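**Student:** Position 107, counted from 1, in the sequence shown is what the numbering used here calls 160; the numbers after and before it change by one each time, with no gaps.
Don't be surprised by glycine CBs; every beta carbon is placed ideally from N, CA and C.
None of these values were measured; they are calculated from a predicted model.
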Amino acid sequence: MSQSVAHPAAGSSSCDADFATFLKEHPAFEQTRALDELRAKEFSRLDRLRHVYLDYTGGGLYGDCQVRSHAEFLLDRVLGNPHSSNPTSRDTTEACEMCRRHVLDFFNASPAEYAVIFTANASHALKLVGESYPFEEGDRLLLTFDNHNSVNGIREFDRAHGAQTTYIPVVPPDMRIDEQALDEQLELARSCNNALFAYPAQSNFSGVQHPLEWIERAQTHGCDVLLDAAAFVPTNRLDLGRWRPDFVALSFYKMFGYPTGVGALIARRKALEKLHRPWFAGGTISVASVQADTHYLAAGEAAFEDGTLDYSNLPAVDLGLTFIEEVGLERIHERVSLLTEWLIDQLLALRHGNGAPLIRLYGPKGCEGRGGAVTINFFRASGEVIDHDLIEEEATKERISLRTGCFCNPGAGEMALGISRNELVTCFSQSTADRMTYDAFRRCIDGKSTGAVRVSVGMVSNFADVHTFVQFARRFLEP
Ligand SMILES: Cc1ncc(COP(=O)(O)O)c(C=O)c1O
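1) Got a sec: does ligand 1 put a non-hydrogen atom nearer than 7 angstroms to the Cβ of aspartate 281?
2) So, is glutamate 354 buried or exposed, given that buried needs 16 or more other C-beta atoms within 10 angstroms?
3) Should serine 11 be labelled buried (16 or more other beta-carbon atoms within 10 Å of its own) or exposed?
4) Can you tell me the Cα-Cα spacing of glycine 466 and aspartate 299, whole angstroms?
5) Quick check on DSSP: helix, strand or coil for serine 339?
6) Cutting at 7 angstroms between CB atoms, please list the residues of its own chain near alanine 351, excluding the five before and the five after it.
7) Along the alpha helix (DSSP H) that carries alanine 213, what are the first and last residues, could you check?
8) Would the segment 240–249 count as touching the segment 407–416 if we require 3 or more Cβ pairs under 8 angstroms?
9) Let me know the secondary structure DSSP gives serine 244 once reduced to three states.
10) Apart from the five residues just before and just after glutamate 95, which ones in its own chain have a Cβ nearer than 7 angstroms to its Cβ?
11) With DSSP collapsed to three states, give me the class of glycine 436.
12) Expressed to the nearest angstrom, what Euclidean distance is found between the alpha-carbon atoms of tyrosine 491 and methionine 308?
13) Ends of the alpha helix (DSSP H) at arginine 496?
14) How about alanine 302 and alanine 178: are their beta carbons less than 8 angstroms apart?
15) How far does the beta strand (DSSP E) with arginine 193 in it extend, from its first residue to its last?
16) Tell me whether the segment 192–200 and the segment 213–233 touch, counting them as touching only if at least three CB pairs, one residue from each stretch, are closer than 8 angstroms.
17) Can at least three beta-carbon pairs, one atom from the segment 181–193 and one from the segment 205–213, be found at a separation below 8 angstroms?
18) Comparing alpha-carbon positions, which option in Cys420, Arg143, Met468, Asp442 lies nearest arginine 456?
19) Could you spell out the range, first to last residue, of the alpha helix (DSSP H) harbouring threonine 145?
20) How is the alpha helix (DSSP H) around glycine 464 delimited, first residue to last?
21) Note the first and the last residue of the continuous alpha helix (DSSP H) segment covering aspartate 277.
22) Run through the DSSP bridge pairs and tell me what asparagine 430 is partnered with.
23) Below 7 angstroms CB to CB, which residues in the same chain sit around lysine 418 once its five sequence neighbours on both sides are set aside?
24) Just to check my reading of the structure: glycine 360 and glycine 381 have Cβ atoms closer than 8 angstroms, yes? What is that Cβ distance to the nearest angstrom?
25) Using 8 angstroms as the cut-off, can you tell me whether the segment 158–168 makes contact with the segment 286–294, which would need three or more C-beta pairs spanning the two stretches below that distance?
26) Tell me whether alanine 284 counts as near ligand 1, meaning its Cβ is closer than 7 angstroms to at least one heavy atom of that ligand.
27) Less than 8 angstroms separating the beta-carbons of arginine 92 and asparagine 515?
28) Can you look up glutamine 217 in the DSSP assignment and give me helix, strand or coil?
29) Measuring alpha carbon to alpha carbon, tell me which residue in Asp499, Leu392, Gly373 is nearest phenylalanine 82.
30) For leucine 102, is the classification buried or exposed, using 16 other Cβ atoms within 10 angstroms of its Cβ as the cut-off for buried?
31) Please report the distance separating the alpha-carbon of glutamine 262 from that of alanine 426.
32) Which of the three DSSP states, helix, strand or coil, is assigned to leucine 318?
33) Measure the beta-carbon distance from glycine 373 to tyrosine 311 and round it to whole angstroms, keeping in mind my assumption that it falls under 8 angstroms.
34) If you draw a straight line from the alpha carbon of aspartate 371 to that of phenylalanine 525, how long is it in whole angstroms?
35) Since tyrosine 306 contacts glycine 504 with CB under 8 angstroms, what's their CB separation in whole angstroms?
36) For the candidate residues Asp108, Leu318, Phe494, whose alpha-carbon lies nearest to that of isoleucine 472?
Quick look at the structure:
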């Protein structure tokens, strides 16, 4: 573990040779070479600062031009609070509405059918649905084991109203959903007044892309469908003309890095009518009275946008969408698929001297129906797991940004790592405190890893990035 990793900026000869072989085996990569030029022009800070960025599922990166164009936009305008009709307010309103139209357009969503509600992030969008969904006794919330905690958290709302939460398992090692269990649960949902099915279009744990066909299947069983698209949309086209979920949640920084602090709930107008907001705020009502103790919610998206929108940043969302359109989502998708395929093949081929595999992959081996998040653990030749914290520590020394832990997706983590319900219940019953630290949790699930290592590629990942990671992984091989 002592030899240092050649940084891609140094143009190592092993990287060049492997790249030549890679190109022979993946000629389609040539069609994505414009992304290398884009990286050199718009993301030069990556190589200048010697970063190997492999956490695109955590957050996307922005191009220099996005920041410059946004600064120019701001410097050329006087933006007032959009809640009035004075000239500066009107300019702001026009900029916000332009951005709203652009979001609809980007996702091919008909404005007659869909509304865009601007939120702080995907979690906020998910919470808006959870807190407003009309759960009652006898209703159901269907969740896949593979869900981000910001989706899992919706179960607190449904339980508070006496409804039932049911989880549909994922099956290791591929981490796809047990479709028979899904069908059985959808059948049971038929008899409910209200049933909400929430799942990720792409797993932030395993990279699995769960079928968008489930949207219609669930709807024909009477379910409303909440699609968590946060990890999917940065490198895949979500066509809302073709797929018609009731609710879609996403964060824009995951798509194009800047601005942070803005997400969206894209919702069918019909589905919005079903939601009951638990409160009202500035901007969400048409009329409210103190003496008569009455309020009337505003129509459409306004009813869900509490207070003042992040109006100086919305124009940057507009510019970010334009940036992605110009770069080409299909090109990004292709590059991400090819790099992911190579990365997985290389990692799976790494063997210790005694033949034992170095890594275990949690997710599909092939590129069909998966995105660019590759989640693994490292093992010694003896079969003992290497602590993911150690991997992160070593990667940090090489300026490799990756992610470790369970990535806020405990259900996928528990299934992938083989942690049983009994082990978890025993662990939690030993604790008398109201709070538990992650370290305490790790100690009580003794002898097993409670997390993994995730590397994820995105818009301007290049061959050198994934090559550097494979070279880094080799250091853990035992002779
Ligand atoms: C699949 C998925 N859903 C939801 C979220 C939550 O996104 P945010 O933290 O931007 O609210 C994430 C973040 O990583 C995610 O990957």
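**Tutor:** So, from the listed chains and residues:
1) Remark: the shortest separation between the CB of aspartate 281 and any heavy atom of ligand 1 falls under 7 angstroms.
2) buried
3) Residue 11 is absent from the structure shown; the chain starts at 54 and stops at 532.
4) Here the C-alpha atom of glycine 466 lies approximately 28 angstroms from the C-alpha atom of aspartate 299.
5) strand
6) Thr337, Ile338, Ser339
7) 207–213
8) A contact between stretches requires three or more CB pairs, one per stretch, nearer than 8 angstroms, and the segment 240–249 fails this requirement with the segment 407–416.
9) coil
10) Correct list, in chain order: Gly116, Asp117, Cys118.
11) In the structure shown, glycine 436 sits in coil (DSSP, three-state: anything other than H, G, I, E or B).
12) Cα to Cα, tyrosine 491 sits roughly 29 angstroms from methionine 308.
13) Looking at the DSSP string, the run of the alpha helix (DSSP H) that includes arginine 496 is 491–497.
14) yes
15) 193–197
16) yes
17) The answer is yes - the segment 205–213 touches the segment 181–193, with three or more Cβ pairs under 8 angstroms.
18) Residue Asp442 is the option with its Cα nearest to arginine 456.
19) 140–159
20) 463–470
21) Careful: aspartate 277 lies outside any alpha helix (DSSP H), inside the beta strand (DSSP E) at 277–281.
22) Arg413
23) Ile397, Leu401
24) No, glycine 360 and glycine 381 are not in contact; Cβ-Cβ is about 36 angstroms, not under 8 angstroms.
25) yes
26) yes
27) yes
28) DSSP, read as helix, strand or coil, puts glutamine 217 in strand.
29) Leu392
30) So leucine 102 ends up on the exposed side.
31) Glutamine 262 and alanine 426: Cα-Cα distance of roughly 11 angstroms.
32) strand
33) 7 angstroms
34) 38 angstroms
35) At roughly 23 angstroms, the Cβ-Cβ gap does not stay under 8 angstroms, so tyrosine 306 and glycine 504 are not in contact.
36) When each option's Cα is compared against that of isoleucine 472, the closest is Phe494.
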